[in-house]
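One structure is given below, encoded as structure tokens.
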């Protein structure tokens, strides 16, 4: 009896996947695959978790009273489930083209293509773009797993996403090759440019590689409390889906390149949401599994994939604002300006079961410039410092003894006071969602002012592609 | 000074890769990448091997006097190197199309395509086929690694290659979809068929999945002595390359589909040979590393990929004759007709450092039918048995006490007597190469008789594609 709801869900997912003549294709199938992915992952995670502990992939949860041993690297399960779902999704993604072109049985459709040359031909370039994205994702999962197994050094692992992104960038190069970016109207006016876009050439590939490096690593850095890695990935996916819907819902945008692009983005994100929610269920406070670097890399690469292949990497970065803030804010400790303890997790207090901001304690006096910087941050409400007044001769000097560690998690605790771990995670996720929602509105209003038009208009991508 | 030859090789590889205007493109680049792959893998294997032991991936070499501890699963290194080489190879594979079509900078080449519709358009379907093959390979490597880590049960791991082959089969379905096979002339004559080919439909996908399951598993079964897994993969790759050259060398075959198909096969196999040779160097007797299931799966899938995407899976299976024999020969033990000891490796004799056939010892009397079968095999020289004559009443009965284990490795020892491990491996590889060479000649002479023509003629594939 307990299995009844699951069997019902399975039936629903199959119905959604197989009812291919629906006007909502391929989104309807992708929802079906999301449900299937959720069920598969939900079955496999508890079934395989003990084997992870057996082969030594486990860690202690330091923010609990009894410091339980918890299986690590479980993110590999939803990641592998996702990959095989996305393989199976291919015929449904391209269903309308299959019916038109390959029903003849055995005839290569490129032959059909040249004869009947209409807009309904099989979109080989879309298929290559899709396959290259999945290849990058799978490479990321493979490298992430190797990282979790061998504990690759920080300065090496930072670049793993760039290696994994190679298929995506190379297929972009051979198959699409657009390296133009639009010039904002105000810059055109100031410098008197006539062109609407500028060709960045090879630099554009450097930019895309940087996006691919940033997304996975920034998720990996904003981590350390139960549910945060998966939670932020779920929030990011929801925000990107909201952005996609802006292009999918207005009927006037049908049959534009922007529609196709955001349709693919939706089809990639919906199943990702399915497998991530199953992982979140087990990773939420009190966590029964840890996700590992594998999951952070995997989810970051999903976002890089949709952003790069869909040409909205700037919008993507808007939704990453909290991650960008966290990275910039971490710089003083990451680059050694301020002493960086081995762990910067918030401090767990066993007595009240709450999380407190953790502190870096300075044994030696800090350089004056850094102390001044810290005092400015404190005045801005961006740092908690413990200081001491010292009277020498005839003046009073302030010496900084401790400061809260430079992470967004600690900062949230500084702002809102001590909280239990699940509440802390929830507040950060709410922050991410609110900032993302504001960015989304801003992006579709201010962008129109800066660039002279917004790409919610049907003219936008046709201008790009005519260049 | 010791590094000089390697630096020289690196320079050679770079020159081969980058000299893209050569008439030998893309084979020349693939040779360059093979050299690069050899060097990379040759550097990474000894550099990473100690870390494999550290995380518990090691095994004891039981066929040595001191039973040394040896790192296991090292096959993941050449496999990952191969994958990333094949990513980087994409622009060189399609170089001639890039120069023609995407030099305009930023224009999608499908647009160019429809206007200039000549034979020189960018081959998107070749790119998708290539990407799907690499995806299947990478999935196989990922699943192989999970198998090596978690020691998946035999009855589950047997089907892992079919799961990994999904991208290959699905892209075959959406993009190519030919499910016809040719009917041999003599069958046509007997049954009075008029068609030259028959459409197998969905059955053809079952057949391709079976090929994908067979190749990796058959390599995994013919294993157990130093160098054999990699050695047979190298021999198979060389045989397939010889078959490819039959189509690449005759000038009359240029610009036929068969030429293009075997060009791609060559480009896939040459870098595989590069990385495999570096692994063979460390895995050859006395082995410094073990390759793991990862490598067997990986190499088997490389062969399945070229066979399936190149439409010569029957020729491929010809070269697998020793593996097919080994599998069929193993059936009595695999399916429990004859007792199967936990290890069927040949027996190592510490005194003379030689390998002897290992035996299955029977505690109970075997069923009469099985004893009779064994005696027939013995008479055919296909089994070594230890028997005992027993006189009951007035007739003499023969009881079988022991028999050599049913593997090709043991059979070779039965045929040629005890040998040292490296010599044994060499003899098996020589056997494989000889049988393959005979098959190759037979395939291009007898096939012409059976099918009415050989596909070394330019008509062959055009007949197929016109159906």
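Residue numbers (the working numbering), protein chains in the order written: chain Z, 1 to 467; chain B, 468 to 934. Built from N, CA and C at the ideal position, the CB exists for glycine as well.
Neighbour-count burial assignment, residue i, 16 or more Cβ in a 10 Å radius
| i | result |
| --- | --- |
| residue 342/Z | exposed |
| residue 408/Z | buried |
| residue 490/B | exposed |
| residue 71/Z | buried |
| residue 157/Z | buried |
| residue 103/Z | Summary for residue 103/Z: the model assigns pLDDT 35, below 50, so the residue's position carries little reliability; its value from the coordinates is reported in the next sentence. Classification of residue 103/Z: exposed, given that the 10 Å Cβ count is below 16. |
| residue 696/B | buried |
| residue 516/B | buried |
| residue 838/B | buried |
| residue 611/B | buried |
| residue 723/B | buried |
| residue 753/B | exposed |
| residue 139/Z | buried |
| residue 368/Z | exposed |
| residue 831/B | exposed |
| residue 578/B | Residue placement at residue 578/B is poorly supported in this model, since its pLDDT is 35, which falls under 50; the coordinates still yield a value, given next. It counts as exposed. |
| residue 289/Z | buried |
| residue 910/B | buried |
| residue 912/B | exposed |
| residue 888/B | buried |
| residue 54/Z | exposed |
Bridge partner(s) assigned by DSSP for residue i
| i | result |
| --- | --- |
| residue 349/Z | 354/Z |
| residue 281/Z | Residue 281/Z is not bridged to any residue. |
| residue 810/B | Paired residues: none, contrary to the question. |
| residue 826/B | 871/B |
| residue 419/Z | 355/Z |
Cα-Cα separation, residue i to residue j
| i | j | result |
| --- | --- | --- |
| residue 633/B | residue 378/Z | 56 Å |
| residue 598/B | residue 560/B | 12 Å |
| residue 314/Z | residue 199/Z | 16 Å |
| residue 894/B | residue 879/B | 8 Å |
| residue 937/B | residue 732/B | Residue 937/B cannot be examined here, being either before or after the span of chain B that is shown, 468 to 934. |
| residue 685/B | residue 678/B | 10 Å |
| residue 486/B | residue 503/B | 15 Å |
| residue 769/B | residue 615/B | 19 Å |
| residue 169/Z | residue 159/Z | 15 Å |
| residue 305/Z | residue 136/Z | 8 Å |
| residue 865/B | residue 700/B | 42 Å |
| residue 402/Z | residue 366/Z | 10 Å |
| residue 375/Z | residue 441/Z | 35 Å |
| residue 656/B | residue 914/B | 16 Å |
| residue 739/B | residue 511/B | 16 Å |
| residue 742/B | residue 501/B | 7 Å |
| residue 182/Z | residue 260/Z | 20 Å |
| residue 309/Z | residue 798/B | 49 Å |
| residue 30/Z | residue 127/Z | 16 Å |
| residue 213/Z | residue 709/B | 42 Å |
| residue 237/Z | residue 201/Z | 30 Å |
| residue 9/Z | residue 28/Z | 15 Å |
| residue 215/Z | residue 300/Z | 5 Å |
| residue 281/Z | residue 231/Z | 10 Å |
Closer than 7 Å: residue i CB and nearest the ligand PLP heavy atom
| i | result |
| --- | --- |
| residue 79/Z | This structure lacks the ligand PLP, and indeed carries no ligand of any kind. |
At a cut of 8 Å, does the segment 331-351 of chain Z reach the segment 252-260 of chain Z through at least three beta carbon pairs?
-> no
Ordered list of beta strand (DSSP E) runs contained in the segment 639-699 of chain B, each at least 3 residues | The qualifying runs are 647-649 and 664-666.
Inspect the CB distances between the segment 37-50 of chain Z and the segment 488-507 of chain B and report whether three or more fall short of 8 Å.
-> no
In the segment 763-792 of chain B, which residue ranges form an unbroken alpha helix (DSSP H) of at least 4 residues, counting only runs that do not cross its ends?
-> Fully enclosed alpha helix (DSSP H) runs of 4 or longer: 780-786.
Let me know the beta strand (DSSP E) ranges lying completely inside the segment 489-540 of chain B, each 3 residues or longer, listed in chain order.
-> The DSSP assignment places complete beta strand (DSSP E) segments of no fewer than 3 residues inside the segment 489-540 of chain B at 525-527 and 536-538, in order along the chain.
Which runs of the beta strand (DSSP E), 3 residues or longer, sit entirely within the segment 847-873 of chain B?
-> 852-859 and 862-871
Could you say if the segment 56-75 of chain Z and the segment 527-538 of chain B meet the contact criterion of at least three C-beta pairs nearer than 8 Å?
-> They do not touch, by the three-pair rule.
Quick one: any contact between the segment 878-892 of chain B and the segment 847-857 of chain B, if contact means 3 or more CB pairs under 8 Å?
-> Judged by Cβ distances under 8 Å, the segment 878-892 of chain B makes contact with the segment 847-857 of chain B, as three or more pairs qualify.
Is the segment 781-792 of chain B in contact with the segment 811-829 of chain B, if contact means three or more CB pairs nearer than 8 Å?
-> no
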